[in-house]
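So the sequences go chain by chain: C and B. For reference, each letter of the first sequence is one residue, going 0 to 204 in numbering that gives the first Met the number 0. For reference, each letter of the second sequence is one residue, going 0 to 204 in numbering that gives the first Met the number 0. Note that beta-carbon positions come from the ideal geometry of N, C-alpha and C, so glycine has one too. Everything numeric in this text was worked out from a predicted model, so none of it was measured. Heads up, the thing below is written out as structure tokens.
There are 2 protein chains.
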Amino acid sequence: MRNSNPDLRVIRTKESIRLALVELINEKGFDALTVKDITTSARINRGTFYAHYQDKFDLMAKCEEEIMLDLSRLTKQNYPSVIAALEIDSQTLTPFIFTVSLFEYLHLQSGFMKAVLGPRGDLSFQTRLKKFMWETLHGNNPNAFVKEENLLVPGQYLAAYMGTAIIGVIQQWLESGGKESPQEMARILTTISVNGPFFAAGLKK
Amino acid sequence: MRNSNPDLRVIRTKESIRLALVELINEKGFDALTVKDITTSARINRGTFYAHYQDKFDLMAKCEEEIMLDLSRLTKQNYPSVIAALEIDSQTLTPFIFTVSLFEYLHLQSGFMKAVLGPRGDLSFQTRLKKFMWETLHGNNPNAFVKEENLLVPGQYLAAYMGTAIIGVIQQWLESGGKESPQEMARILTTISVNGPFFAAGLKK
DNA sequence: TGTAATAAACAACAGGTTGTTCATTATCAT
DNA sequence: ATGATAATGAACAACCTGTTGTTTATTACA
């Protein structure tokens, strides 16, 4: 069995590969880095890399897979700790709470997330994350935030709007050092989304 | 002189190179395509390519440069033709009109835009476009839409939010075939931005 | 019209990366 | 301690890259 026999060497090797990946993405970008770069930085033989991954894309895919799995677990949690001291109505409560825990998780994974979501990151992951955001807040799940009725605009464009907007804010947060707390980021996002960007910009409506 | 002597061969060669580029981006993505792919598809010698461009990045940069130049020209235009029949107040008029002509231009360049903004496109261009959007609507120019005062949220996050959101809508529009008219897309974007995504989703506030 | 200059197009080459294999060595689990 | 397994170093064919020197076609001018 695979799980019953966790070889320490394998764990160490994979660990150093992933550290090297993050380092190199920040340094020269995912596109530009080579497998040789990774193995040199990770101080392992190039053949060893190919023993674990098909190529750099396979490595990236497997890293991203773990992130997506964590994120989907996030949506199924309850967060009683953050419910207190909220000054927003119940309709915005669910997305607010989700956003708090989302940013908490992003902070935890900030090394990898900053790399893949940064200007030298992986576009396909951003596309995937965008889709995930939409499905979480507006998809076909019973807790869906947006129902496909009474929409003022076509649902696909509203989806694209919100999905990309939140990722843009996340990118900005990661790039600028992640100084604001998850609660503060959730407040910012909720404020803009509830009142609209124009209003949040100080314009009267 | 260069402009006084436009060699027809050069024009033909560059034309086929760019067509091949768009085709290959859609086919296998910008990251994966090679100079050889381009020249094979364009039916020219690989050496000919290097006579015009340093590498595929240089080619991309020059294509994108033209787009950005066109876009910056757009911001300096007046659009009397679309001013009629508007049912929005003056504060949203300027961005609305800009958005209309923006989508008109995107439709014109849909082949290239769909490729670079698509899931296999060029991330650096998207970053650049995002920044352009922000500066156009909210930057330091005298016609700036958003002033750095009375903001309900930090300006950097509002910038990231709106900049990425509009690009997300553009991507969705291009991917889904660009069926809506530029006026309709401007209406959609203005509706969401003025009232907020939550309201546009049919939720009461 | 004929000749020289110009510039595109080309084939061939050296350098580097990729993905694979194999014998050897080091490390792990029990 | 020992059998099993992972990592290593080296070698390889295949591929892509960017440059070289050369040929061809167009343009300018006498």
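Within the stretch 50-119 of chain C, the complete alpha helix (DSSP H) runs of at least 4 residues fall at 55-73, 92-107, 109-116. In the pairwise beta carbon analysis, the stretch 98-109 of chain B is classified as touching the stretch 161-173 of chain B: at least three pairs are separated by under 8 angstroms. Against residue 157 of chain C, the close residues of chain B are 191, 196, 199, 200, in the order they occur along the chain (beta-carbon pairs closer than 8 angstroms).
Two segments are said to touch when three or more pairs of C-beta atoms, one from each, lie closer than 8 angstroms; by this definition the stretch 117-133 of chain B does not touch the stretch 37-52 of chain B. Below 8 angstroms, enough C-beta pairs join the stretch 19-33 of chain B and the stretch 107-121 of chain B to call them touching: three or more.
Boundaries cannot be given for residue 42 of chain C, as no alpha helix (DSSP H) includes it and DSSP labels it neither H nor E. For residue 174 of chain C, the enclosing alpha helix (DSSP H) has its first and last residue at 154-174. Taking all protein chains shown into account, residue 67 of chain B has fewer than 16 neighbouring C-beta atoms within 10 Å of its C-beta and is therefore exposed. In the DSSP annotation of this structure, the continuous segment of the alpha helix (DSSP H) that includes residue 25 of chain C starts and ends at 7-27. Proximity to residue 169 of chain C across C:61, C:152, C:185 peaks at C:185, based on C-alpha coordinates. Beta-carbon to beta-carbon, residue 193 of chain C and residue 91 of chain C are separated by about 6 angstroms, close enough to satisfy the 8 angstroms threshold.
Contact check for residue 159 of chain C against residue 182 of chain B fails: the beta carbons are separated by 7 angstroms or more. Annotation: Cβ neighbours of residue 30 of chain C in chain B (cutoff 7 angstroms, chain order): 30.
Residue-level contact check: residue 187 of chain B touches chain C, since one or more beta carbons of chain C fall below 7 angstroms from its beta carbon.
A Cβ of chain B is located within less than 7 angstroms of the beta carbon of residue 171 of chain C. Annotation for residue 189 of chain C: the continuous alpha helix (DSSP H) segment containing it runs 181-194. In this structure the stretch 46-66 of chain B lies against the stretch 7-18 of chain B, because at least three pairs of beta carbons, one per stretch, are closer than 8 angstroms. Cβ-Cβ distances below 7 angstroms link residue 45 of chain B to 34, 35, 38 in the same chain, with the five nearest sequence neighbours on each side left out; the list follows chain order. With a contact defined as Cβ atoms closer than 8 angstroms, residue 136 of chain B and residue 161 of chain B qualify at about 7 angstroms. Around the beta carbon of residue 187 of chain C, a 10 Å sphere encloses 16 or more other beta carbons of the protein chains shown; the residue is thus reported as buried.
Residue 129 of chain C sits in a helix when the DSSP states are folded into three classes. By the CB criterion at 7 angstroms, residue 121 of chain C and residue 198 of chain C fall outside the cutoff. Classified as buried, residue 125 of chain B has 16 or more neighbouring CB atoms from the shown chains inside 10 Å of its CB. By the beta-carbon neighbour count (other beta carbons within 10 angstroms, threshold 16), residue 118 of chain B is exposed. When C-beta distances to chain C are compared with 7 angstroms, the residues of the stretch 13-40 of chain B below that value are 30, in chain order.
Comparing alpha-carbon positions, the option among C:10, C:151, C:74 lying closest to residue 48 of chain C turns out to be C:10. In this structure, DSSP gives residue 147 of chain B a state outside helix and strand, which the three-state scheme calls coil.
At least one CB of chain C lies nearer than 7 angstroms to the CB of residue 160 of chain B. Residue 200 of chain B is classed as buried because its beta carbon has at least 16 other beta carbons within 10 Å across all chains shown. Residue-level contact by beta carbon holds for residue 152 of chain C and chain B, with a gap shorter than 7 angstroms.
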